[in-house]
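Report on the following structure.
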Amino acid sequence: MRRRVHQVNGHKFMATFLRQPTFCSHCREFIWGLGKQGYQCQVCTCVVHKRCHQFVVTKCPGMKDSTQEEQPTQGQSQRFNVNVPHRFVVHNYKRFTFCDHCGSLLYGLIRQGLQCEG
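full-length UniProt numbering puts the first residue of the sequence shown at 1, with every later residue one more than the last.
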């Protein structure tokens, strides 16, 4: 039996069973339930509630760029000409912390994850 894929803004969401506490990447609420509680993107691994997947507005970062992307207007390109990349460094979290991207619990005693320095 094939699993159904829900495509939204380049994300390819499939129903999934979550093995650890997880927060929704869209509404930031905890994902509760038994069985397949949420949808996970097969490209970028972000996790959302079943009720939230159709409202995701962010484009999947793993999506292939199309040649038909909207070109910014002259005013927009001048206004938003600053491109500051994230600088991630290893971080020790003192409390239970969940990933802002996929919603999964960061586990371990030290060096649980990365945090943007900027």
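Note that the Cβ used here is the ideal one computed from N, Cα and C, for glycine as well.
Do residue i and residue j have their C-beta atoms closer together than 9 Å?
{"i": "Thr-22", "j": "His-101", "result": "no"}
{"i": "Val-48", "j": "Ser-25", "result": "yes"}
Nearest-angstrom Cα distance between residue i and residue j?
{"i": "Lys-12", "j": "Gln-42", "result": "6 Å"}
{"i": "Gln-20", "j": "Gln-40", "result": "13 Å"}
{"i": "Val-5", "j": "His-53", "result": "11 Å"}
{"i": "Arg-3", "j": "Gly-38", "result": "14 Å"}
{"i": "Lys-94", "j": "Gln-115", "result": "13 Å"}
{"i": "Met-14", "j": "Gly-108", "result": "28 Å"}
{"i": "Gly-103", "j": "Lys-64", "result": "23 Å"}
{"i": "Phe-98", "j": "Gly-113", "result": "10 Å"}
Give the range of the beta strand (DSSP E) segment to which residue i is assigned.
{"i": "Cys-116", "result": "113-116"}
{"i": "Thr-58", "result": "Run containing Thr-58: none; DSSP gives neither H nor E here."}
{"i": "Phe-13", "result": "11-16"}
Would you mind giving the Cβ-Cβ distance between residue i and residue j, rounded to the nearest angstrom? I have them listed as a contact below 8 Å.
{"i": "Lys-50", "j": "Gly-10", "result": "The Cβ separation is near 19 Å, so there is no contact."}
Buried or exposed: residue i, going by 16 or more other Cβ atoms within 10 Å of its Cβ?
{"i": "Ile-31", "result": "buried"}
{"i": "Val-56", "result": "buried"}
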